[in-house]
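The sequence shown begins at 901 in my numbering and counts up by one.
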Amino acid sequence: MFRKILLIFALLAVAQSAFAIDKNELNLGFFERFNDNCLNYYINSAVDNNHSAKEAAARVEQYRQQAKYSLGNELPSFSVSANYLGIKIPQLDSFQLKKNAFLLPFMMNYEADFLLKNRDKTKSAKKSYEASKYDEKSVYLSLVSDVASVYTNLLEYDELIIIQKENVDIYTKLLEYESRKFERGVINSTQLNNAAKQLENAKNSLEKLQKEQEVLLMQLAVLTGISPDCAKGLERGNFSNFEYSGTVPEEIPSDVIFARPDVMAAETQLEKAKIDIRVARKEFLPTFNITGLWVFNTIAPGTFFSWESSLAAILAGATQDIFAGGKKVANLRYQKAKYEELFENYKQVDLEAVKEVNTSLCFIKHDSAIEKNTLKTLAYEYNNLSNYKKKLARGTISNPEYLVNLSEFLHIQNDAVQAKNQRLVNYFTLYKAVGGKL
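Quick look at the structure:
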């Protein structure tokens, strides 16, 4: 009993918990391997300021306090009340009581936990608290992964917009050449219209890229806890310099997969369900209660706080329900069904965890190969463009012909940017899939 009292006071001494997760649990050093200060800044800003993450932290605090509340039920309760008593009793020769009195009763109630039912309830509450901490970690892992993906997509769109602006310039020049030909009667209006259509299509593509860029900027602002009105001023690095300097494993140990926070949360909930079944069974057993009373009063002769004038009593006993309408049986069956539900959920979460990790590794493997092939294609096209440039210098091809080949080179360069971005985003997906242990 004394140890329990010390424990509850030790917990109460820690009045407030920090409403924030330990950053070391998230392995934020992973993002430093991209050598981009802006990315690191946005990651830390999101962890510190994102409102959804703070909401998850507040839920953890709720479960923490519920565990402390449950622990308090294991300890005796003490109370005191002040009462006025007006009483009229028959007059007795040898026994006199005052008609007006003041009563000060001190009461103690304690449910002796011989069967450890209340202890199990506290263990169940602590399991809920542990599961909420794993859920909180999942929220933060998703958050930083989303921030990194959005930031990388922003860098991609910055690069794509630069390329597309060059395309718009090319088609503008081609339209000028076609207009001169049309004025000289070399081409008809259909060919001129086709050149104008190509320019308008290039402009539309540029507008779409700029639209997506603005949407991503606002999304990044919200993720990092910044007003979307300030989104346009968000700084960022250069896509060509943005690269992962670490190594990606070809396979992930099973210990890492099954240490994911969602897997651990499912396992903890399963452990809680087992405890709840044990509690439901103990509800069929009697409860043992101890009640103590010590009343100081002015109704009897003697001074107020004297033993002679006080009333003291202690009551200890066991209470057993005979009939409760089937509630306890229904509760036990409910807890067993809940356990079966959580057991199936745990097995499904395990399978999903393995699938997500293997899928991430699969994406990295094939998207890396696609990027290599695209870069080879880009190198071939660059050589072709160099040859066309030499032909242009020798006068064997016209300037419009060279511009058409330059546009083709930019198209493949566009594919290379997208391939690189997809590979980089896959790293963030893998980071999330392994619970940050990358």
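Positions of the beta carbon are idealized from the N, C-alpha and C atoms, including for glycine. All values derive from a computational prediction rather than experimental measurement.
Return the Cβ separation of residue i and residue j in integer angstroms, given the expectation that the two are a contact with Cβ distance under 8 angstroms.
i, j, result
"D1046", "L1123", "6 angstroms"
"L1092", "I1061", "Wrong, their Cβ atoms sit about 28 angstroms apart, outside the cutoff."
"N1305", "Y1288", "5 angstroms"
"N1273", "E1056", "Incorrect: roughly 19 angstroms between the Cβ atoms, too far for contact."
"V1148", "Y1327", "7 angstroms"
"C1262", "E1135", "With 8 angstroms as the limit, C1262 and E1135 do not qualify as a contact, their Cβ atoms being about 34 angstroms apart."
"Y969", "L1120", "Between L1120 and Y969 the Cβ distance is about 40 angstroms, and since that is not below 8 angstroms, they are no contact."
"A1353", "N1245", "Only positions 901 to 1338 of the chain appear in the structure, and residue 1353 is not among them; the question remains open."
"T1168", "A1031", "4 angstroms"
"R1178", "D1020", "5 angstroms"
"N973", "N1018", "5 angstroms"
"N1029", "A967", "Asn is not the amino acid found at residue 1029; the sequence shown has Tyr there. The Cβ separation is near 5 angstroms, so the contact holds."
Short of 6 angstroms in beta carbon distance, which residues of its chain neighbour residue i, apart from the five on each side in sequence? Order them along the chain.
i, result
"L1215", "T1191"
"S977", "N1009"
"G986", "N1000"
"E1143", "none"
"T1329", "S1260"
"K1238", "A1173"
"R1160", "A1253, G1335"
"N1231", "A1180"
Note down, in chain order, each residue of its chain lying with its Cβ closer than 8 angstroms to the Cβ of residue i, except the 5 sequence neighbours on either side.
i, result
"I1063", "L1310, Q1313, N1314, V1317"
"L906", "Residue placement at L906 is flagged as unreliable, the pLDDT there being 47, under the threshold of 50; the coordinate-derived value follows with that caveat. Hits under 8 angstroms: none found."
"E1240", "none"
"S1089", "F1082"
"K1228", "A1180, E1183, F1184, D1221"
"L1099", "V1068, Y1071, T1072, L1074, L1075"
"Y984", "N1000, A1001, F1002, L1003"
"G1137", "D936, N937, C938, L939, L1055"
"R959", "S1032, D1035, E1036"
Does at least one heavy atom of the ligand MG sit under 8 angstroms from the Cβ of residue i?
i, result
"E932", "You won't find the ligand MG in this model; it holds no ligand whatsoever."
Checking the sheet assignment: what are the DSSP bridge partners for residue i?
i, result
"A1001", "L985"
"L1211", "V1195"
"V1304", "Per DSSP, none; premise fails for V1304."
"N1009", "S977, T1191"
"G1217", "N1189"
Confirm, please, whether the CB-CB distance from residue j to residue i is below 9 angstroms.
i, j, result
"T1259", "Q1220", "no"
"D1162", "Q1235", "no"
"L1211", "L1193", "yes"
"L1003", "N1197", "yes"
"L926", "L1054", "no"
"A1218", "N1189", "yes"
"I1126", "K1037", "no"
"S1268", "R1323", "yes"
"V1257", "V1334", "yes"
"S1140", "E1059", "yes"
"E932", "N924", "no"
"P1005", "V1249", "no"
"L1346", "A1131", "Because the chain here runs from 901 to 1338, residue 1346 falls outside it and cannot be looked at."
Keeping to the same chain, check which residues put their C-beta closer than 7 angstroms to that of residue i; ignore five residues upstream and five downstream.
i, result
"F1243", "L1170"
"I1297", "Y1288, K1291"
"Y1331", "F930, S1045, L1338"
"A1096", "L1075"
"M1164", "Y1034"
"V1039", "S952, A953, A956"
Exercise. When the Cβ atoms of the stretch 1020-1034 are set against those of the stretch 953-972, are three or more pairs found closer than 8 angstroms?
Worked result: yes
Problem set entry | At least three beta-carbon pairs within less than 8 angstroms, the stretch 1009-1018 to the stretch 938-957 | As far as the Cβ criterion goes, the stretch 1009-1018 does not touch the stretch 938-957, which means the pair count is below three.
Exercise. How do the stretch 1064-1084 and the stretch 1113-1120 stand: do at least 3 beta-carbon pairs fall below 8 angstroms, yes or no?
Worked result: no
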